[in-house]
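**Q** Numbering (mature numbering (1 follows the signal peptide of the UniProt record, and there is no 0)) for the sequence shown: -21 to -1, 1 to 131.
Got a structure here, written out as structure tokens. Questions coming.
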Amino acid sequence: MKKQACVAMLLLFLTIPIAHSEKLDYNHATIGRPGNVANISRTINIEAYEYRFAPFEINVKQGETIRFIVRNTGKKRHEMMIDTLEHLKKHAKMMRSSSGMHHHEDPNKIVLYPGEEKELIWQFTQAGTIYFACPIPGHFKGMRGKIFVEEK
């Protein structure tokens, strides 16, 4: 019986990463790509706090590489993730359903603990509206913003 329980637990732990790997299977092309430091067009400062971003609307031009400097002035851990609204909603839903989602890394996301400041460098390759949000459970509804990418 102990051997069966051990095998079952091992199989469970091996399948957890597979269950969450779907978030990495889409192409970031619709939102851009990680930017090159040498191509930074400008820097935009963003403040993250309970439960807002300031500013929550940003205008950029297609092709621009932006250095976002994000400072968590709140008392809780926050994230800033750039993506389509659809993917942000899916990501927030996955985080609500699994505590293991809190420590993953994506090139379009940063994690900030209270008092921390980090940068995210992103090149906006497509015109349109891109979103940013904190997908942490309980934060997503209020901590969202829009990035309007103006066509060249």
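Ideal placement from N, C-alpha and C gives every residue a C-beta, glycine not left out.
Would E58 be called buried (16 or more neighbouring beta carbons within 10 Å of its own) or exposed?
**A** So E58 ends up on the buried side.
**Q** For Y107, write down the residues that DSSP places opposite it in a beta bridge.
**A** Sequence inspection shows Gly at residue 107; the Tyr mentioned does not correspond to that position. Paired residue(s): V128.
**Q** I'd like to confirm the pairing. Which residues does DSSP put opposite L99 in its beta bridges?
**A** Bridge partners of L99: F47.
**Q** Would you give the residue range spanned by the alpha helix (DSSP H) that M74 belongs to?
**A** That run of the alpha helix (DSSP H) goes L64 to S76.
**Q** Verify whether the separation of the beta carbon atoms of I19 and R56 is less than 8 Å.
**A** No, the Cβ-Cβ distance between I19 and R56 is not below 8 Å.
**Q** For E65, count neighbouring C-beta atoms within 10 Å of its own C-beta (all shown protein chains included) and say buried if the count is 16 or more, exposed if not.
**A** Counting Cβ neighbours within 10 Å, E65 comes out exposed, since fewer than 16 surround it.
**Q** Hey, M122 and D85: beta-carbon distance below 8 Å or not?
**A** Cβ distance not < 8 Å, so M122 and D85 don't count as in contact.
**Q** Does DSSP put T52 in a helix, a strand or coil?
**A** In this structure, T52 counts as coil in the three-state DSSP scheme.
**Q** When the Cα of R12 is compared with those of I89, Q105, K131 and E130, which residue comes out closest?
**A** Answer by Cα proximity: Q105.
**Q** Does DSSP classify N15 as helix, strand or coil?
**A** Coil at N15, not helix or strand.
**Q** With a threshold of 16 other CB atoms inside 10 Å of the CB of T108, please say whether the residue is buried or exposed.
**A** It is exposed - the Cβ of T108 has fewer than 16 other Cβ atoms within 10 Å.
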